[in-house]
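Trainee: Top to bottom, those sequences are chains A and B.
Residue numbers for the first sequence, in the numbering used here: 3 to 232.
Residue numbers for the second sequence, in the numbering used here: 1367 to 1912.
The beta carbon of each residue, even a glycine, is placed where N, CA and C say it ideally should be.
Please read all numbers here as calculations on a predicted model, not as lab measurements.
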Amino acid sequence: MIGKPLILVVDDEPQIQRFLRHSLAASGYEVELAHDAATALRLAGARDPDLVVLDLGLPDRDGKLVIGELRQHSDVPIIVLSAHDQEAEKVAALDLGANDFITKPFGIQELLARIRVCLRSAKPDQPKDGRIRLGDIVIDGDARRVEIAGVPVRLTPTEFELLTLLAQNPGRVLTHRQILTKIWGPAHVDDTPYLRVFIGQLRQKIEANPSEPKVILTEPGVGYRTMELG
Amino acid sequence: MHKDAIWLPARTHKDPIKIMDTPGPVRLRPWKVGNPYRGAPDPNSALWRSMPSGVGLAASLVFVGTTVVLGHLLHETLPPASHSLIFLTAVVLSAVGFGFWAGLFAAALAFLAYNFFFVEPVHTLSVARPEDILALSVFLLVAALIGFLAGRMREEAMAAYHRAATLELLSAFSEESSRAEGVEEVEAAMVRHLRRIDDGRVVLLRAAHDRLSVGQTAPAGVALQAMDFHAADRARRYGAVEPATAVGWEGSLFSFHPLTIGGAVHEVIGIERGQGGRRFANENDRAVASIVRQGTVAIERLVLARAAQEARDKAEREALRSALLASLSHDLRTPLATILGSVTSLRQLGDTLPAEARADLLLAIEEETGRLSRYVSNLLHMTRLQSGLDLRLDWIDPGDVAHGAVERARAAYPGRDIALRVAGPVPLIHSDAALLEQALVNIIDNAVKFSPVGMQVAVVVDTAEQSVRIAVTDRGRGIAEADRDRIFETFYRGGATNVPGTGLGLAICKGIVQALGGSIRADSPGQDGRGTTVQVDLPVPEPVSA
């Protein structure tokens, strides 16, 4: 990526466009604005943005359809903007290929953090020694060992895979479905109780205070997110 | 009891009272009450209009025979005139004991026997003396008269029994129908009691949208024929009784009585012609009419009560809506005023304001937008609650949800100490995470607002019997006992005019918790002997094996 990353903001609210334009520009991004799905798709083809911020409520088309069309020929990271009470919408958008979501109303610091995470995961910078780091936690994928601040932790194979999956996507939300499919297989996409039980066990082992987790965070109704790296 | 339920018995009865096999308080069993006619268990046999029974005639024969023997034995000692009196005794006994025909038979028999054995010339049927002719005539007259009177007495006793039983039945129904709390209960009582009147089948049809549908029946599962339906529909259309077709004619077996409420036929009740036939027909018809009338009154009462309740509920909803709008405009305007004021101050006076004043105004804007956002999400949840609530159920970890709520509350009140403790492993529950979180946020919000700055608000998630318990304890001044339930009422604010809020938070909580199948309560003093504890219990379904 040469020069400033280009962010395409798709939202039909002029006031949202306005504040995003200013704050994203001030944060070192180039900004392109689209107020409907047709413009968004046209601009996405013409300008090849590095990231798309997409509101799901567009005047001409369901925002979820835009995700589908973008995904047909692009892996561009997509951050979805959604209203508070729409967990199902968020999950659907994420399962369609959106990378993350942010709930309106939001502070700009939250959005900037999500953008950073998405742009970074677009170019993985994990060390090539097979080890994944998540704060104090070091996961050795080859030896299948986990250490917290140098102290080894015993994890069951499932717990290990779960932690590895989450750690491979630092700061990014993973839906229940995505995690269940990856760890338990497609037959178990609806077995959220499994997932909750294992997340609970994992927290008991890796969190300083399992009641108030800091490493594996819950996104209510959506999924889990690991803490963001620096 | 309805006045019209008392009437005089008709006198043209021929049929016995049915002894019902229906269990219940009212049993038509006259012979248990006491029978003045000993030796006559079948009431049919002794009625003066009824045919003579074999037993009666045989008894008459025995009585007269005994008299003949007695007359012969006492022949020497008694004067001849008293013989006729002994025979008269036999006639009276037969008439009283076995009714009109037996008495008449005994009289005829006594006439012949007396004539044959005691009237000169003896052992012939010819009569020599005129006084003997008189004696024989008196025999016949007395026998007929006594038989007639005895039969009438018996019949009146029967009618009295029937009337008493009917009155008892009507009074039982009256009591039941006035006690009933639902239309279905009245219907059931009607069907049950109508069935007892004459043992005919009873069927209740509900009228809705110009159509009848079969409701309760006695016995259960009575099926109507096309003819019956036709008659029932006529009763519905004309709002008048549709009597059963006469015996031997093609037509409905049921008499259909419409129950008219508010000018429209609400239901139609059909009573089959009973096994009793014509005997107590008039009386039974009156009993049926009385039950139908009382049932109508009872149903009308319930229907009107329900309509009144609905009207009250609607008025309450309207009041709630307008109060909500008033409260909303206030609650939305306050943060907006702060935001607008701060922003315009910054724009107009930005350069002249000291740096810390600018920072303070900016913080005020941020805090007020947070407040607005909380109001809006509360509103959203309340709309969901009011519109019947589509629960988004999933297996959730209560500790996780409590953590989310605590985090949100901490973000809203940055300076406050809000502690969370999850006691041991807590089972998963099948619930709606977003709603539960909102409920907990509201409780914590309340606890923070009503306790002094610097005092901790403690949230504890624990397992109780078959439930997960989430308790929020503050160290405020507590809640008076009288107010403890009222705090969950809409707009009740415990006289807290100095604390900002809508008076909706805990009401929404209660709505949410109840929708999730749980319960909520407030205890004061709270779990550590001070302040208030608001406790939410949520059911734990069958354990899930992982």
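Using a Cβ cut-off of 9 Å (strictly closer), state whether B:S1708 contacts chain A.
Mentor: As a working mapping, residue 1708 of chain B is identified with position 342 in the second sequence. So no, B:S1708 is outside the interface.
Trainee: Please look up how many angstroms separate the CB atoms of B:V1430 and B:A1472, rounded, as I've assumed it's under 8 Å.
Mentor: Position 64 of the second sequence holds residue 1430 of chain B. Position 106 of the second sequence holds residue 1472 of chain B. Indeed, because the Cβ distance is near 6 Å, the residues count as touching under 8 Å.
Trainee: State yes or no: is the beta carbon of A:A90 nearer than 9 Å to at least one beta carbon in chain B?
Mentor: Reading the first sequence from its first residue, position 88 is the one you call residue 90 of chain A. True, the Cβ-Cβ gap to chain B drops below 9 Å.
Trainee: For the beta strand (DSSP E) that B:A1574 lies in, which residues bound it at each end?
Mentor: As a working mapping, residue 1574 of chain B is identified with position 208 in the second sequence. Taken as a continuous stretch (DSSP letters only), the beta strand (DSSP E) holding B:A1574 covers 1568-1574.
Trainee: Here's the rule I'm using: 16 or more other beta-carbon atoms within 10 Å means buried, otherwise exposed. How should B:K1680 be labelled?
Mentor: As a working note, residue 1680 of chain B is residue 314 in the second sequence. It is exposed - the Cβ of B:K1680 has fewer than 16 other Cβ atoms within 10 Å.
Trainee: Looking at the C-beta of A:T183, does it have a partner C-beta in chain B at a distance below 9 Å?
Mentor: Start at 1 with the first residue of the first sequence, and residue 183 of chain A comes out as number 181. No, no contact with chain B.
Trainee: So B:S1885 is in the beta strand (DSSP E); what residue range does that whole segment cover?
Mentor: Here the question's residue 1885 of chain B lines up with position 519 in the second sequence. Counting along the chain, the beta strand (DSSP E) containing B:S1885 begins and ends at 1885-1889.
Trainee: Can you tell me which residues form a DSSP beta bridge with B:H1623?
Mentor: The count along the second sequence starts at 1 and reaches residue 1623 of chain B at position 257. DSSP lists B:I1635 as partners of B:H1623.
Trainee: If the criterion is Cβ atoms closer than 9 Å, does the pair A:L10 and A:R63 meet it?
Mentor: What you label residue 10 of chain A is simply residue 8 of the first sequence in a count that begins at 1. What you label residue 63 of chain A is simply residue 61 of the first sequence in a count that begins at 1. No, these two residues do not count as a Cβ contact at 9 Å.
Trainee: What are the boundary residues of the beta strand (DSSP E) that A:T105 is part of?
Mentor: Position 103 of the first sequence holds residue 105 of chain A. Note, A:T105: beta strand (DSSP E), 102-105.
Trainee: Find the residues of chain B that neighbour A:T194, judging by a C-beta separation of less than 7 Å, and give them in chain order.
Mentor: As a working mapping, residue 194 of chain A is identified with position 192 in the first sequence. Going along chain B in sequence order, the residues near A:T194 (Cβ under 7 Å) are D1760, W1761.
Trainee: Taking CB distances under 9 Å as the criterion, tell me whether A:G109 reaches chain C.
Mentor: Reference to chain C is not applicable here, since the protein chains of this structure are A and B.
Trainee: According to DSSP, which residues form a beta bridge with B:V1826?
Mentor: Numbered from 1 along the second sequence, position 460 holds the residue referred to as residue 1826 of chain B. In DSSP, B:V1826 forms a bridge with B:R1787, B:A1837.
Trainee: At least one CB of chain A closer than 9 Å to the CB of B:R1737: is that the case?
Mentor: Counting from one through the second sequence, the residue named residue 1737 of chain B turns up at place 371. B:R1737 does not count as touching chain A.
Trainee: So is A:S213 in contact with chain B if we call contact Cβ pairs under 9 Å?
Mentor: In the first sequence, residue 213 of chain A corresponds to position 211, counting from 1. Yes, its Cβ sits closer than 9 Å to a Cβ of chain B.
Trainee: Select from the segment 1709-1726 of chain B all residues with a C-beta closer than 9 Å to any C-beta belonging to chain A, and list them in chain order.
Mentor: Residues: none.
Trainee: Could you spell out where the alpha helix (DSSP H) holding A:D138 opens and where it closes?
Mentor: The residue you call residue 138 of chain A lines up with position 136 of the first sequence. Premise fails: A:D138 is in no alpha helix (DSSP H) and is neither H nor E.
Trainee: Taking contact to mean 3 or more Cβ pairs, one atom from each stretch, closer than 8 Å, check whether the segment 201-216 of chain A and the segment 152-162 of chain A are in contact.
Mentor: Touching, per the Cβ criterion.
Trainee: Where do the N-terminal and C-terminal ends of the alpha helix (DSSP H) with A:Y196 fall, by residue?
Mentor: For this step, residue 196 of chain A is matched to residue 194 along the first sequence. 194-208 is the extent of the alpha helix (DSSP H) around A:Y196.
Trainee: Would you kindly check if the distance between the Cβ of B:T1490 and the Cβ of B:A1456 is under 9 Å?
Mentor: Mapped onto the second sequence, residue 1456 of chain B falls at position 90. Mapped onto the second sequence, residue 1490 of chain B falls at position 124. No; because the gap between Cβ atoms is not below 9 Å, this pair is not in contact.
Trainee: Can a CB atom of chain A be found closer than 9 Å to the CB of B:P1391?
Mentor: Indexing the second sequence from 1 puts residue 1391 of chain B at position 25. Note that B:P1391 scores 38 on pLDDT, short of 50, meaning its location in the model is unreliable; the coordinates nonetheless yield the value given after this. It does not; no Cβ of chain A falls within 9 Å.
Trainee: At 7 Å on the CB atoms, spell out the chain A contacts of B:D1766, in chain order.
Mentor: In the second sequence, counting from the first residue as 1, residue 1766 of chain B sits at position 400. The contacting residues are T220.
Trainee: Establish whether the CB of B:G1897 and some CB of chain A are separated by less than 9 Å.
Mentor: For this step, residue 1897 of chain B is matched to residue 531 along the second sequence. So no, B:G1897 is outside the interface.
Trainee: Just by C-beta distance, which residues in the segment 1657-1677 of chain B are closer than 9 Å to chain A?
Mentor: Here the close residues number zero.
Trainee: Kindly say whether B:P1791, judged by its beta-carbon, lies nearer than 9 Å to any beta-carbon of chain A.
Mentor: Walking along the second sequence from the start, residue 1791 of chain B turns up at place 425. Chain A contact via Cβ: present.
Trainee: Using three-state DSSP, classify B:I1512 as helix, strand or coil.
Mentor: Within the second sequence, the letter at position 146 stands for residue 1512 of chain B. It is helical.
Trainee: Return the CA-CA distance between B:R1495 and B:D1565, expressed in angstroms with no decimal places.
Mentor: As a working note, residue 1495 of chain B is residue 129 in the second sequence. As a working note, residue 1565 of chain B is residue 199 in the second sequence. Their Cα atoms are separated by approximately 59 Å.
Trainee: Starting from B:H1596, trace the alpha helix (DSSP H) in both directions and tell me its first and last residue.
Mentor: The count along the second sequence starts at 1 and reaches residue 1596 of chain B at position 230. Here the alpha helix (DSSP H) through B:H1596 covers 1592-1604.
Trainee: If you run the structure through DSSP and keep just helix, strand and coil, what is B:A1461?
Mentor: Taking the first residue of the second sequence as position 1, residue 1461 of chain B is located at position 95. DSSP places B:A1461 in helix when its eight states are reduced to three.
Trainee: Note down, in chain order, all residues in the segment 1773-1804 of chain B with a beta-carbon under 8 Å from any beta-carbon belonging to chain A.
Mentor: Under the 8 Å Cβ criterion, the segment 1773-1804 of chain B contributes L1786, R1787, V1788, P1791, L1794, A1799, A1800, E1803.
Trainee: How big is the Cα-Cα spacing for A:S29 and B:S1817?
Mentor: Along the first sequence, one-based indexing puts residue 29 of chain A at 27. Along the second sequence, one-based indexing puts residue 1817 of chain B at 451. If you take the alpha carbons of A:S29 and B:S1817, they lie about 41 Å apart.
Trainee: If you draw a straight line from the alpha carbon of B:F1539 to that of B:A1775, how long is it in whole angstroms?
Mentor: Taking the first residue of the second sequence as 1, we reach residue 1539 of chain B at position 173. Taking the first residue of the second sequence as 1, we reach residue 1775 of chain B at position 409. Cα-Cα distance, rounded: 59 Å.
Trainee: So, using beta-carbon positions, are B:V1607 and B:F1622 closer together than 9 Å?
Mentor: To locate residue 1607 of chain B, count along the second sequence from 1; it is residue 241. To locate residue 1622 of chain B, count along the second sequence from 1; it is residue 256. Yes, the Cβ-Cβ distance between B:V1607 and B:F1622 is below 9 Å.
Trainee: Please state if the CB of A:I69 and the CB of A:L22 are separated by a distance shorter than 9 Å.
Mentor: Translated into positions along the first sequence, residue 22 of chain A becomes position 20. Translated into positions along the first sequence, residue 69 of chain A becomes position 67. The answer is no: Cβ separation not under 9 Å.
Trainee: Please name the residue, chosen from B:A1778, B:E1803, B:G1465, B:V1902, that lies closest to B:T1839 on a Cα-to-Cα basis.
Mentor: In the second sequence, counting from the first residue as 1, residue 1839 of chain B sits at position 473. The shortest Cα separation from B:T1839 among B:A1778, B:E1803, B:G1465, B:V1902 belongs to B:V1902.
Trainee: Just the Cα atoms here: how many angstroms apart are A:V199 and A:E161?
Mentor: Locating residue 199 of chain A in the first sequence gives position 197, counting from the first residue. Locating residue 161 of chain A in the first sequence gives position 159, counting from the first residue. Rounded to the nearest angstrom, the two C-alpha atoms are 10 Å apart.
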